[in-house]
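Asks:
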Amino acid sequence: MRILGIDPGSEKTGWGVIEGDGRRYHLLECGVVRASAGQKFPARLLKISNALEEIIDRLKPEACAIEDGFLATNVKVTLKLGQVRGVAMLVAERAALEIHEYSPRLVKQTVVGHGNAEKFQVQQMVKTLLSLSSIPEPHDAADALAVAICHFHHACFTQRILAAQTGTKITGAKQVTANSTRRVSR
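Heads up, the sequence shown is in numbering that gives the first Met the number 0, so the first residue is 0 and it goes up one at a time.
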């Protein structure tokens, strides 16, 4: 499974792609789409859209995990963040990716173990879980990787539940149905 994680931001949108086989995962690539604060907001949205389209075309993820919005104290900031999320979701939908949204609290809980984790704790766990020599920089890229890791864990859990309900056995990157010996790739 190849997952694109996105941490939306109007000036810096973090992104990261991880790949895994159901038990392990590793980093493929990560980075940040930078949009100048001096640009008009619609131009920033276009830049984010174009960059995400290029990333999806190049790395070919199967799913997109996006951090869900939170209510900022400034209403304008919250609205802009919602617009960036909308652009990211539109790009993912156009590419026919599965789209999943995760709250910041659930991402922290999944990656660190508790929902009130500090940003540095999340970054340290991303480094550890992906076996990296250093924390991905800037922090927006590390946050996007945390969202992708969150989806990886939740998708694998969901897949196991579905397999149990349908009598399918999951072995590595293959599924074997209990009623036949035919293998179906995930």
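Quick reminder that beta carbons are idealized off the backbone N, C-alpha and C, glycines included.
These numbers were taken from a predicted model, which means no experiment stands behind them.
1. Cβ of Pro-137 within 8 Å of Cβ of Lys-11?
2. Helix, strand or coil, according to DSSP, for Leu-226 in the structure here?
3. Output needed for Gly-114: all residues of its chain with C-beta closer than 8 Å, excluding positions within five of it in sequence on either side, in chain order.
4. Is the segment 124-131 in contact with the segment 78-91, if contact means three or more CB pairs nearer than 8 Å?
5. Give a yes or no on contact between the segment 134-152 and the segment 36-51, applying the rule of three or more CB pairs nearer than 8 Å.
6. Helix or strand or just coil, what does DSSP make of Arg-22?
7. Throw me the rounded Cβ distance for the Lys-79 and Phe-40 pair, which I believe falls under 8 Å.
8. Report all residues from its chain with a CB closer than 8 Å to the CB of Val-110; omit the five preceding and five following residues, and keep chain order.
9. Taking Arg-1 as the reference, give the member of Ser-9, Gln-82, Ala-62 with the closest Cα.
10. Could you tell me how far apart the beta carbons of Asp-139 and Gly-13 are, in whole angstroms, since I believe they sit closer than 8 Å?
11. Suppose the cutoff is 8 Å on Cβ atoms and the five residues either side in sequence are ignored; what does the same chain contact list for Glu-18 look like?
12. Check whether the Cβ atoms of Tyr-101 and Asp-56 sit closer than 8 Å, and answer yes or no.
13. Would you list the residues sitting across from Asp-67 in a DSSP beta bridge?
14. To the nearest angstrom, how far is it from the Cα of Leu-131 to the Cα of Ala-141?
15. Kindly indicate which residue of Ala-154, Val-16, Ser-9 has the alpha-carbon position closest to the one of Lys-75.
16. Expressed to the nearest angstrom, what Euclidean distance is found between the alpha-carbon atoms of Gly-21 and Pro-60?
17. Tell me whether Ile-2 sits in a helix, a strand or coil according to DSSP, three-state version.
Replies: Looking at the coordinates:
1. Here residue 137 refers to the residue found at position 138 when the sequence shown is read from its first residue. Here residue 11 refers to the residue found at position 12 when the sequence shown is read from its first residue. Taking 8 Å as the Cβ cut-off, Pro-137 and Lys-11 qualify as a contacting pair.
2. Given that the chain is displayed from residue 0 to residue 185, the structure contains no residue 226 and the question cannot be resolved.
3. Position 115 of the sequence shown, counted from the first residue, corresponds to residue 114. Around Gly-114: Arg-104, Leu-105, Lys-107, Gln-108.
4. Segment contact: the segment 124-131 against the segment 78-91, fewer than three CB-CB distances shorter than 8 Å; contact not assigned.
5. At 8 Å Cβ cutoff, the stretches do not touch.
6. Position 23 of the sequence shown, counting from 1, holds the residue named residue 22. Note: Arg-22 maps to coil in three-state DSSP.
7. As a first step, residue 79 is located in the sequence shown; it is residue number 80 there, counting from the start. As a first step, residue 40 is located in the sequence shown; it is residue number 41 there, counting from the start. About 7 Å separates the two Cβ atoms, so the contact holds.
8. The residue you call residue 110 lines up with position 111 of the sequence shown. The answer, listed in chain order, is Ala-116, Val-121, Met-124, Val-125, Leu-128, Ala-145, Ile-148, Cys-149.
9. Here residue 1 refers to the residue found at position 2 when the sequence shown is read from its first residue. The candidate whose alpha carbon is nearest that of Arg-1 is Ala-62.
10. Translated into the one-based positions of the sequence shown, residue 139 becomes position 140. Translated into the one-based positions of the sequence shown, residue 13 becomes position 14. Approximately 3 Å separates the beta-carbon atoms of Asp-139 and Gly-13; this is inside 8 Å, confirming the contact.
11. Within the sequence shown, numbered from 1, the residue matching residue 18 stands at position 19. So the qualifying residues of the chain are Met-0, Arg-1, Ile-2, Tyr-24, His-25, Leu-27.
12. Looking up residue 101 in the sequence shown gives position 102. Looking up residue 56 in the sequence shown gives position 57. For the 8 Å CB-CB criterion, Tyr-101 and Asp-56 do not form a contact.
13. For this step, residue 67 is matched to residue 68 along the sequence shown. Per the DSSP secondary-structure output, Asp-67 pairs with nothing in a beta bridge.
14. Residue 131 sits at position 132 when you count from the first residue of the sequence shown. Residue 141 sits at position 142 when you count from the first residue of the sequence shown. Straight-line Cα distance between these residues: approximately 11 Å.
15. Along the sequence shown, read from residue 1 onward, the residue named residue 75 stands at position 76. The option with the nearest alpha carbon to Lys-75 is Ser-9.
16. Translated into the one-based positions of the sequence shown, residue 21 becomes position 22. Translated into the one-based positions of the sequence shown, residue 60 becomes position 61. Gly-21 and Pro-60 have their C-alpha atoms some 15 Å from each other.
17. Numbered from 1 along the sequence shown, position 3 holds the residue referred to as residue 2. Strand at Ile-2.
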